[in-house]
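For reference, the structure is listed below as structure tokens.
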Amino acid sequence: MDEQPVSPTTYLGQYAGFVTRLVSFVIDRALVGMVAFVTFLSVEYILDAFQINQLLGFWDRTWQGMSLLVAGFYLIVTISYDIGFWLLAGQTPGKRMMGLRILRSDGTRLHLANAVRREIGYALSGILFLGYLWILFDNRRQGFHDKLAGTIVVYSWPEGDLKGTLVRDRVQRIRRQRQVSRSERDVA
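Here it is, written out as structure tokens:
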């Protein structure tokens with residue numbers, strides 16, 4: 111049988127699915143956690159080294175005080191990380207690794223108001239995880255935070271550019287296996 115060459119499908123501009131977005135979210139939260147942890151330890155070391163914490167007198171060393179301080183610091187780093195990357199690059203490092211980009215619903219770059227509404231929507235979507243699960247059922251794959259901010263998340267790389275990452279290599283491997291199994295069925 112003559113095999114017709116398969117033209118590569120492009121994912122460029124297609125709405126991103128739940129699993130891809132979840133993986134990028136986990137990557138971003140891990141990066142934020144590492145940055146916040148290292149920065150917090152550095153600040154604490156500097157305060158201890160120069161005995162500034164004793165001069166200020168408000169540095170509470172109880173576990174409740176430290177927990178509250180760490181949580182507040184993590185929140186500040188998270189908000190800065192998300193909004194900063196969304197505005198500057200249109201994608202966080204986790205989204206970049208997964209080949210995703212955040213755009214306004216009309217396809218243009220985010221503005222500050224969109225980014226702030228999206229960040230607030232993140233917090234609201236986290237309530238029972240329902241705002242994120244909305245992605246599974248929406249035609250445009252928008253979660254509650256996307257609806258609130260007027261944003262969409264799309265794939266930013268065509269399939270031809272998939273080489274070089276574990277996720278992209280895995281997609282290509284699966285496609286090759288499917289093609290081999292189809293050709294084996296055709297021969298039989």
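In our numbering, the protein residues as written are 111 to 298.
The C-beta atom is built at its ideal place from N, Cα and C for all residues, glycine as well.
In this text, all values refer to a predicted model and were calculated from it rather than measured experimentally.
- Put simply, the backbone Cα of D256 is about 34 Å away from that of Q174.
- The continuous beta strand (DSSP E) containing I212 extends over residues 210 to 214.
- By the Cβ neighbour-count rule, I212 is buried, with 16 or more other Cβ atoms within 10 Å of its own.
- Under the three-pair Cβ rule at 8 Å, the stretch 196 to 205 does not count as touching the stretch 236 to 249.
- Here I245 is not near F150, since their CB atoms are 8 Å or more apart.
- Y232 sits buried, since 16 or more C-beta atoms from the chains shown fall within 10 Å of its C-beta.
- Put simply, the backbone Cα of Q252 is about 17 Å away from that of G209.
- Under the three-state reduction of DSSP, T261 is assigned to strand.
- Taking a C-beta distance under 8 Å as the contact criterion, L234 and F254 qualify as a contact pair.
- Setting aside the 5 residues that flank it on each side, A259 is surrounded in the same chain by N224, R227, R228, G231, each with a C-beta closer than 7 Å to its C-beta; the list follows chain order.
- At the C-beta level, Y125 and R214 stay beyond 8 Å of one another.
- Counting only the Cα atoms, R286 lies some 48 Å from G182.
- In the assembly as shown, V142 is a buried residue. Its beta-carbon has 16 or more other beta-carbons within 10 Å.
- Here R292 is exposed: its Cβ has fewer than 16 other Cβ atoms, across all protein chains shown, within 10 Å.
- Taking C-alpha positions only, Y191 is separated from Q289 by approximately 41 Å.
- Taking all protein chains shown into account, Y265 has 16 or more neighbouring C-beta atoms within 10 Å of its C-beta and is therefore buried.
- G204 is positioned such that its CB atom lies closer than 8 Å to that of D138.
- About 5 Å separates the Cβ atoms of Y184 and A146, confirming a contact at the 8 Å cut-off.
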